[in-house]
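Student: Dropping a structure here in structure tokens format, bear with me for questions.
Residue numbers (the numbering used here): -5 to 270.
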């Protein structure tokens, strides 16, 4: 009995030592993602989620990538949830917006892969040409800092207003130095801009919300952004430090696949423009 107890104790000690050695050896290695890991990506419904769905259905399986697409109808929560780790990536914004969001919210998000441009446009249900914009007309514009500056630049590029030198992407109404038609600007949350068309003379609307509302930027906009050297390309965004994660790198490559370019061109007919 005594010898049996001793042998049992020795066996237990050796077993515990082996377990300890195994845990120590594996704890120093970075955790590997499970083969069943799902990449959770936040996106605006149109066109971002549609593009992601094309990738999910047509390209991701062969690349061994599983995607979960979470749709958002605003420009704040996709970044908040990415920063908090509820999402692995998001796809809805351009870099000037991201830079402003990081600066104002203290987030550390990184713009990774450019995918497409959605030209910002001026739309109206009351007039059919830019020249018909009346004196004192009300123009709805996005109320977030970068898209407001972008809207004012669109108006300036088309001779409707003049901005002071150096106003750049951060331009506000205070940077309008010439407003010959005495336009009244009405800042509105970007997603709500299409709904204002019944109440204002014209509205500057982001491309994704214009398409979602049934507008056709390429043919219906009274004025449309130029694509040359445009900084407002939309792309894939991740938390800083995750740029080289295997699944993120794979998704970035798939989003720039020639088949995605063909899909964008065929589906959106110039209302969304590939940026690769």
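From the three backbone atoms N, C-alpha and C, an ideal C-beta is built for every residue, glycine too.
Spatial neighbours of residue 253 within its chain, please: CB distance less than 7 Å, with the 5 preceding and 5 following residues excluded, ordered by chain position.
Tutor: 52 and 53.
Student: Starting from the C-beta of residue 179, find all residues in its chain whose C-beta is less than 7 Å away, skip the five residues before and the five after it, and write them out in chain order.
Tutor: Excluding positions up to five away in sequence, the list reads 133, 135 and 167.
Student: Is residue 111 near residue 227, with beta carbons less than 8 Å apart?
Tutor: yes
Student: Would you mind sorting residue 87 into buried or exposed? The rule is 16 or more other CB atoms within 10 Å of its CB.
Tutor: buried
Student: Return the CA-CA distance between residue 188 and residue 211, expressed in angstroms with no decimal places.
Tutor: 12 Å
Student: Tell me which same chain residues have a C-beta within less than 6 Å of the C-beta of residue 67, skipping the five on either side of it?
Tutor: 185
Student: What ranges does the alpha helix (DSSP H) occupy inside the stretch 76 to 114, keeping only unbroken runs of at least 4 residues that lie completely in it?
Tutor: 89 to 99
Student: Quick one: what's got a C-beta closer than 6 Å to residue 84's C-beta in the same chain, skipping five residues either side?
Tutor: 36, 72, 76 and 231
Student: Could you compute how far the alpha carbon of residue 170 sits from the alpha carbon of residue 58?
Tutor: 51 Å
Student: With a Cβ-Cβ cutoff of 8 Å, do residue 216 and residue 98 count as a contact?
Tutor: In this structure, residue 216 sits away from residue 98, with a CB-CB distance that is not shorter than 8 Å.
Student: On the CB-based measure, 16 or more other CB atoms within 10 Å of its CB, does residue 140 come out buried or exposed?
Tutor: buried
Student: When you compare only the Cα positions, how much space is there between residue 32 and residue 164?
Tutor: 37 Å
Student: Contact check, residue 114 vs residue 144 under 8 Å by CB: the rounded distance?
Tutor: For a cut-off of 8 Å, the C-beta gap from residue 114 to residue 144 is around 6 Å, short enough to register as a contact.
Student: Within a Cβ cutoff of 7 Å, which residues of the same chain sit near residue 94, ignoring the five residues on either side of it in sequence?
Tutor: 139 and 140
Student: Take the Cβ of residue 259 as the centre, count every other Cβ of all protein chains shown within 10 Å, and call the residue buried at 16 or more, exposed below.
Tutor: Answer is exposed; the Cβ neighbour count stays below 16.
Student: For a minimum of 4 consecutive residues, which ranges assigned as the alpha helix (DSSP H) are wholly contained in the stretch 179 to 247?
Tutor: With a minimum length of 4 residues, the continuous alpha helix (DSSP H) runs that stay inside the stretch 179 to 247 are 201 to 206 and 211 to 214.
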